[in-house]
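Colleague:
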Amino acid sequence: MLLPVLATLALAAPVAPDSPESPAPSESSAPGESGAPAQAPKAPEQLEPPKWTLTVDPLTFSLGYAHVQLERQAGDYASVYLGPHARVFDGILTEGREPFLGFGAEVGVRAFPWGKAPRGAWIMVRQVVARLATTDGSADPKVGGYTSILLGYTAIFGRHFVLSGGAGFNYLYYDIGGYGSAGPFPALHTNIGVAF
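The letter at position 82 of the sequence shown is residue 82 when you use UniProt numbering, and the numbering goes up by one with no holes.
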């Protein structure tokens with residue numbers, strides 16, 4: 001009779017804190033179960049938008065004038081470009097042969113009132129200055145060029161591919177010995193290239 005009572009008391013007795021039967025405290029906890037809040041993953045760093053473009057103008061090239069334009073952002077709403085200029089062959093609209101060459105430089109300024117340079121809608125003023133010389137010796141060399149104002153738009157696709165177009169007004173003084181052109185003309189602009 002005494003043995004069953006002792007066995008029942010032994011089973012009901014609480015386990016001592018330092019008893020080997022007490023569970024050991026966990027040394028680690030699952031993420032998010034501790035008192036400190038879990039840190040959110042860092043957002044990827046935003047890439048810096050392009051500030052430079054390097055383009056060529058296929059339309060003026062077909063007309064006999066070769067241009068390469070290196071453009072640099074100058075503040076949030078403007079850009080400046082500079083490049084070499086050459087007239088080395090007759091264009092597709094040239095009537096007959098015009099034996100003269102032109103070598104010089106082109107500079108332009110674009111204002112971007114509706115977008116951040118060098119992309120978006122723009123207003124451009126450009127100046128071309130070149131040394132003109134005939135290849136048949138019919139006239140003395142001289143300085144020529146043209147001045148333009150245009151409205152246009154530049155788009156940059158995939159951060160690097162540049163397409164640009166515009167239209168406006170040209171005033172040409174690009175004539176020598178009866179060759180070339182002088183006076184007011186419409187201006188068209190088509191550029192293709194890269195941004196970086």
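Idealized CB from N, CA, C, for every residue including glycine.
1) In whole angstroms, what is the alpha-carbon distance linking A133 and L47?
2) Does T55 come out as helix, strand or coil in the three-state DSSP assignment?
3) If you run the structure through DSSP and keep just helix, strand and coil, what is F196?
4) Fully enclosed by the stretch 66-137, which beta strand (DSSP E) runs are 3 residues long or longer?
5) State whether the stretch 119-126 contacts the stretch 88-98, with contact taken as three or more CB pairs (one from each stretch) at a distance under 8 Å.
6) What residues are listed by DSSP as bridge partners for P141?
7) Can you find the residues in the same chain that come closer than 6 Å, C-beta to C-beta, to V109, ignoring five residues on each side of it along the sequence?
8) Start and end of the beta strand (DSSP E) containing L47?
9) Using the rule of at least 16 other Cβ atoms within 10 Å of the residue's Cβ for burial, across every protein chain shown, is S62 buried or exposed?
10) Using alpha carbons as the reference points, say which of G180, P113, F157 lies closest to D76.
11) Figure out for me which residue from P49, K142, T55, Y171 has the closest Cα to the Cα of G165.
Modeller: From the atom records:
1) 48 Å
2) Correct three-state label for T55: strand.
3) coil
4) The DSSP assignment places complete beta strand (DSSP E) segments of no fewer than 3 residues inside the stretch 66-137 at 78-87, 100-111, 120-134, in order along the chain.
5) Output reads no: the stretch 88-98 does not touch the stretch 119-126.
6) DSSP output for P141 lists no bridge partner at all.
7) Answer for V109: V80, V125, listed in chain order.
8) First-last for L47: undefined, no H or E at that position.
9) exposed
10) P113
11) T55
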